[in-house]
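Worksheet: one structure, shown below.
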């Protein structure tokens, strides 16, 4: 068999689109060709200011200080609770990566619930009292 010369039309390749796809990946909605016309430049995204980055780092440190501290109790003294497998997988990854395997899923969930009850305790009590009306 001889080699055949295949003519390829390269005039239709949108280099900007290809580079953005390589950098950002394909979005879940797919590619919209009308958004990226041939020859149209893709607008650069704004970089966050150094002040915003500092705030994000502070929030990250706050998050880790709140949710990745060791609880006073251990799982043996608690109760069994079932959660969805996808939540378990996410929690496992969070504890492994952010918590650097220094805290258990039990400890992370205990901290999450403690924060939740501190943050929303008043609203929870008000809602409970509104819906739970004694007979007498």
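Residue numbers (my numbering): 497 to 632. Where is the CB? At the ideal position from N, CA and C, for every residue including glycine.
Sequence-distant Cβ neighbours of residue 599 in its own chain, meaning closer than 7 Å and more than five residues away, are 564, 566 and 591. Between the alpha carbons of residue 572 and residue 606 lies a gap of roughly 13 Å. Of 561, 509 and 595, the smallest CA-CA separation from residue 611 is found for 561. Between residue 601 and residue 588 the beta-carbon gap is near 6 Å, inside 8 Å, which marks them as a contact. Under the three-state reduction of DSSP output, residue 574 falls in the coil class, being neither helix nor strand. The alpha-carbon of residue 618 is positioned some 59 Å away from that of residue 509. In this structure, 583 is the residue among 616, 583 and 626 with its C-alpha nearest to the C-alpha of residue 604. For the alpha helix (DSSP H) assignment, the uninterrupted runs of no fewer than 4 residues enclosed by the segment 580–631 are, from N- to C-terminal side, 581–593 and 601–627.
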